[in-house]
Amino acid sequence: MVSTGKRGNYTDKVVNDKMIEDPKVVKKEIAKHFAELYKKNGVLEVDVQDCDIRMLSQNAMTSFEVPITEEEVWDTICGCEGSKAPGLDGYNMNFYKKQ
(Lines of atoms letter the chains of each structure in order from A; the text may use other names.)
(Lines give C-alpha, C1' and ligand atoms only; values in the text may rest on other atoms or scores of the structure.)
Protein backbone atom coordinates (compact mmCIF):
# COMPACT_ATOMS: atom_id res chain seq x y z
CA MET A 0 0.00 0.00 0.00
CA VAL A 1 1.23 3.51 -0.80
CA SER A 2 0.14 6.35 1.44
CA THR A 3 0.78 10.07 1.58
CA GLY A 4 0.41 12.39 4.50
CA LYS A 5 2.16 14.94 6.70
CA ARG A 6 4.98 12.48 7.38
CA GLY A 7 5.63 12.02 3.65
CA ASN A 8 5.18 9.06 1.34
CA TYR A 9 5.64 5.52 2.57
CA THR A 10 5.06 2.06 1.22
CA ASP A 11 4.32 -1.11 3.13
CA LYS A 12 3.62 -4.65 2.04
CA VAL A 13 2.25 -7.84 3.51
CA VAL A 14 4.50 -10.86 2.93
CA ASN A 15 3.63 -14.24 4.44
CA ASP A 16 1.06 -12.56 6.71
CA LYS A 17 3.68 -10.11 8.06
CA MET A 18 3.57 -6.36 7.51
CA ILE A 19 6.87 -5.09 6.10
CA GLU A 20 7.61 -1.37 6.25
CA ASP A 21 11.36 -1.25 5.54
CA PRO A 22 11.57 0.28 2.02
CA LYS A 23 14.59 -1.85 1.08
CA VAL A 24 12.80 -5.06 2.04
CA VAL A 25 9.59 -3.92 0.29
CA LYS A 26 11.57 -3.15 -2.88
CA LYS A 27 13.27 -6.55 -2.71
CA GLU A 28 9.95 -8.38 -2.23
CA ILE A 29 8.31 -6.50 -5.12
CA ALA A 30 11.23 -7.33 -7.42
CA LYS A 31 11.07 -10.97 -6.30
CA HIS A 32 7.31 -11.08 -6.95
CA PHE A 33 7.60 -9.77 -10.52
CA ALA A 34 10.68 -11.87 -11.31
CA GLU A 35 8.68 -14.95 -10.31
CA LEU A 36 5.62 -13.74 -12.21
CA TYR A 37 7.46 -13.18 -15.49
CA LYS A 38 9.87 -16.13 -15.52
CA LYS A 39 10.97 -17.01 -19.03
CA ASN A 40 10.94 -20.75 -18.45
CA GLY A 41 7.18 -20.89 -18.09
CA VAL A 42 5.51 -23.10 -20.68
CA LEU A 43 1.99 -22.69 -21.95
CA GLU A 44 0.58 -26.01 -23.05
CA VAL A 45 -2.43 -25.96 -25.36
CA ASP A 46 -4.00 -29.01 -26.92
CA VAL A 47 -5.28 -27.90 -30.33
CA GLN A 48 -7.94 -30.59 -30.25
CA ASP A 49 -9.49 -28.89 -27.20
CA CYS A 50 -9.90 -25.63 -29.14
CA ASP A 51 -13.03 -24.85 -31.11
CA ILE A 52 -11.34 -23.69 -34.31
CA ARG A 53 -13.68 -23.03 -37.20
CA MET A 54 -12.54 -22.84 -40.79
CA LEU A 55 -13.44 -19.89 -42.99
CA SER A 56 -15.50 -20.57 -46.07
CA GLN A 57 -13.76 -20.33 -49.44
CA ASN A 58 -15.66 -17.06 -50.13
CA ALA A 59 -14.48 -15.56 -46.84
CA MET A 60 -10.89 -16.59 -47.56
CA THR A 61 -10.89 -15.01 -51.02
CA SER A 62 -12.50 -11.83 -49.69
CA PHE A 63 -9.29 -11.19 -47.72
CA GLU A 64 -7.16 -11.49 -50.85
CA VAL A 65 -8.20 -8.23 -52.51
CA PRO A 66 -5.72 -5.39 -53.02
CA ILE A 67 -5.84 -2.50 -50.56
CA THR A 68 -6.97 0.67 -52.32
CA GLU A 69 -5.38 4.09 -51.95
CA GLU A 70 -8.74 5.35 -50.67
CA GLU A 71 -8.67 2.79 -47.83
CA VAL A 72 -5.15 3.88 -46.88
CA TRP A 73 -6.09 7.59 -46.80
CA ASP A 74 -9.31 6.89 -44.87
CA THR A 75 -7.26 5.04 -42.28
CA ILE A 76 -4.59 7.76 -42.05
CA CYS A 77 -7.22 10.51 -41.73
CA GLY A 78 -9.00 8.55 -39.01
CA CYS A 79 -5.89 8.46 -36.80
CA GLU A 80 -5.05 11.04 -34.15
CA GLY A 81 -2.52 13.49 -35.56
CA SER A 82 -0.06 13.56 -32.67
CA LYS A 83 0.46 9.77 -32.54
CA ALA A 84 3.47 8.14 -34.22
CA PRO A 85 2.58 4.71 -35.66
CA GLY A 86 6.17 3.49 -35.92
CA LEU A 87 9.66 3.81 -34.55
CA ASP A 88 10.67 6.45 -37.11
CA GLY A 89 9.00 9.15 -34.96
CA TYR A 90 6.87 10.60 -37.76
CA ASN A 91 3.41 11.29 -36.39
CA MET A 92 0.16 11.07 -38.34
CA ASN A 93 0.13 14.83 -39.04
CA PHE A 94 3.29 14.31 -41.12
CA TYR A 95 1.55 11.70 -43.27
CA LYS A 96 -1.66 13.75 -43.56
CA LYS A 97 0.31 16.67 -45.08
CA GLN A 98 1.89 14.49 -47.79
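With numbering that gives the first Met the number 0 as the guide, the letters of the sequence shown map in order to residues 0 to 98.
Glycine included, each C-beta is placed from N, C-alpha and C at the ideal position.
In this text, all values refer to a predicted model and were calculated from it rather than measured experimentally.
- For the 7 Å CB-CB criterion, Y95 and I76 form a contact.
- DSSP, reduced to helix, strand and coil, places M18 within a strand of the structure shown.
- For D74, the enclosing alpha helix (DSSP H) begins and ends at 69-77.
- The criterion of a C-beta distance shorter than 7 Å is not satisfied by K97 and N91.
- Bounds of any alpha helix (DSSP H) do not take in F63, whose DSSP letter is neither H nor E.
- About 13 Å separates the beta carbons of N93 and G78, which is beyond the 8 Å limit, so they are not a contact pair.
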